[in-house]
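Residues -20 to -1, 1 to 419 (mature numbering (1 follows the signal peptide of the UniProt record, and there is no 0)) make up the sequence shown, in order. Ideal Cβ placement from N, Cα and C applies to all residues, glycine included. Treat the numbers as computed from the prediction; the structure is a model and nothing was measured. I have placed the structure first, in the form of structure tokens, so that the comments after it can refer back to it.
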Amino acid sequence: MASRKICLWLVYMIITQSVGEDMQSARMSLMRSLKFQCVGVSCLPFANIITSTIIKCEIACLAQIHCRATSYQQSTSNCELFTDMSNEIANMVTDTDITTMIVIAGTRCPPEPTTTTSTTTTSTTASTTTSTTSSTTTSTTSSTTTSIPEWTVTGNMSVARQSHTATTLANGSVLVAGGFGISVTGGVNSAGTYLNSAELYNPSTGTWTTTGSMNTARKSHTATKLANGSVLVVGGISPSYLSSAELYNPSTGTWTTTGSMSVVREVHIASILSNGYVLVTGGYNGGYLNSAELYNPATGTWTTTGSMSATRCYHRASLLANGSVLVTGGYGNNGYLNSAELYNPSTGTWTTTHNMSVAREYHTVSTLVNGFVLVAAGSNGSCVNSAELYNPSTGTWTTTGSMNAAREYHATSTLANGLVLVTGGLNNAGTYLNSAELY
């Protein structure tokens, strides 16, 4: 059981730190909520250090060439350093306050230095001189430094908004479109306005610039980047329920209309499939929907497909590596949902998967570079800042770091560097947010 837990929690990281004049690095396995059971004398730490963060605990191990493992206790900030835990890895017990890290054999760079001595003898008629030189041989490796994910503040949007969309474009910029919030006319702020404005985020500078406005002001719509680089915006409300759709051209910064859906809907979700089609699911139009339909970019038309097992709106969806679509949470006839289900594009049918640990609506989902799905924030009667990760291989969920601000109606995009950008939303005080965070 212990070894199985290790496999489930194993995450690789590379820690790099300057020690003296040498650059030291090591690859470590990270196991959350697990600690050594200490059945043998080799389990005793050779040092106990109080450090303010887990990173400093890792650096402390890195600075000691004989350090092979660490255990960090969050509540006490106690960092234990170990010399050899090879016989203890199978003896692990659960402790949610402990994070254990083990140096993977052969990855420490540079290794312990080795010294070779060479002697050169020079003979002359006057004298014989012997000189001895010592050289230190080290090996170098090329690696990428990966830090533990955390949230940081970035530049604010030009307009505070909620119920908008955010889409990563081919050039790495992020398109934010529509929503509900504050409109500025003649220098006067007007709250409670449906927005057709759009703006672009530059990840390199952390700044925003405006772009062309949509033909129709709308909130609670969806936006999907198509294979040709254009962005499809679908449905929403303004203030009537909408079935209309339009396309954004990143090259010109302009919008054009395309075919409308067969059903008016807001707070639905859309996902682009492996074949380039766009799957729209659920939503609300006076009643909760479980219907789904497909958009064909080549013809600009829509066709119906299989319905979900549960009615839901305010849900989210992600395309998995195997081509299926994961739908999570939302609100339906049964209230707030923590349920999840998978769509099979080949058959047009749905199957259920494991439930999330927290029921939520108005949340966001982002597919990470490792294939996991990040679910962040949302609401289940009040705003939450919690986040969890879905593992497509096991169909299970685990918790991860929480955001700085609890929010709902926000939007996220995965940037070219792998970070996840969260923008805007609404908090528990009912305040529209223009803040942004990075995961």
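Quick one: Cα of residue i to Cα of residue j, how far?
i	j	result
S326	N208	23 Å
G178	A396	The residue you asked about is not Gly; residue 178 is Ala in the sequence shown. Going by the C-alpha atoms only, they are around 21 Å apart.
H201	Y228	14 Å
G351	N314	30 Å
W330	L306	10 Å
G263	A297	12 Å
N270	V345	19 Å
G410	E388	10 Å
P277	T236	13 Å
R245	D75	46 Å
S218	S224	11 Å
G161	Y181	18 Å
S362	T291	21 Å
Q53	G233	51 Å
L222	G216	5 Å
A194	S55	Looking at the sequence provided, one finds Met at residue 194 rather than Ala. So the alpha carbons of these two residues sit roughly 50 Å apart.
E381	L61	For clarity, residue 381 is Gly in the given sequence; the question names Glu instead. In a straight line, the C-alpha of G381 is about 25 Å away from that of L61.
L206	P372	24 Å
G309	T185	34 Å
T125	E38	Reliability of the predicted coordinates at T125 is poor, the pLDDT of 42 falling under 50, and the value obtained from them is presented with this limitation in mind. About 13 Å.
S254	H248	20 Å
D77	I34	12 Å
T332	S366	23 Å
residue 434	H46	The shown model of the chain, from -20 to 419, leaves out residue 434, and the question about it has no answer.
T190	P183	15 Å
S267	V364	The question names Ser, but residue 267 in the sequence shown is Gly. When rounded, the distance between both Cα atoms is 26 Å.
G256	S210	12 Å
Find out if the Cβ-Cβ distance for the pair residue i, residue j is shorter than 8 Å.
i	j	result
N408	A386	yes
residue 508	E226	Here the chain covers residues -20 to 419 and nothing more, so residue 508 does not appear.
T148	S393	yes
V73	R48	no
R141	Y174	no
R340	G312	no
N360	Y294	no
V154	L354	no
L299	T374	no
A40	C59	yes
By Cβ distance, which residues of its chain are closer than 6 Å to residue i, with the 5 residues on each side in sequence left out?
i	result
T204	L212, A250, I252, V258
residue 420	Past the edges of the chain, shown from -20 to 419, lies residue 420, and the structure says nothing about it.
V349	G398
Y370	V353, W377
Y342	Y294, G358, S359, E388, Y389
Quick one: residues in its chain with C-beta nearer than 7 Å to the C-beta of residue i, no 5 flanking neighbours on either side, listed in chain order?
i	result
T376	H334
G159	R141, Q142, S143, H144, L175, K199
T403	M137, A146, V156, H390, A391, A416
W282	G239, M241, S242, E273, L274, Y275
S57	I30, T31, S32
T187	G135
G286	A272, G328, T329, W330
F288	First, the amino acid is wrong: residue 288 is Met here, not Phe. The residues are T261, G262, N270, A272, V307, E321, W330.
G192	A178, G233, T234, W235
V214	H201, T202, A225, M241, A250, V260
A27	L61
G280	T238, G239
N152	The question names Asn, but residue 152 in the sequence shown is Gly. Closer than 7 Å at Cβ, skipping near neighbours: P183, L395, A396.
Identify whether residue i lies in helix, strand or coil by the three-state DSSP scheme.
i	result
L253	coil
A356	strand
C293	strand
A409	coil
A146	strand
A40	helix
L399	coil
A416	strand
G404	coil
Within the same chain, show all residues whose beta-carbon is closer than 8 Å to that of residue i, passing over the 5 residues directly before and after it, in chain order.
i	result
S337	N318, E368, W377, T379
S304	L322, Y323, N324, P325
L413	A140, Q142, A385, R387, H390, G404, G405, L406, N407
K36	C59
P25	S51, E60, L61, F62
N265	Y221, V243, V244, R245, E246
T284	S242, S271, A272, E273, L274
Report, in whole angstroms, the separation of the C-beta atoms of residue i and residue j, which I expect to be a contact under 8 Å.
i	j	result
T132	L406	Going by Cβ atoms, the distance from T132 to L406 rounds to 21 Å, so no, they are not a contact pair.
P230	A150	7 Å
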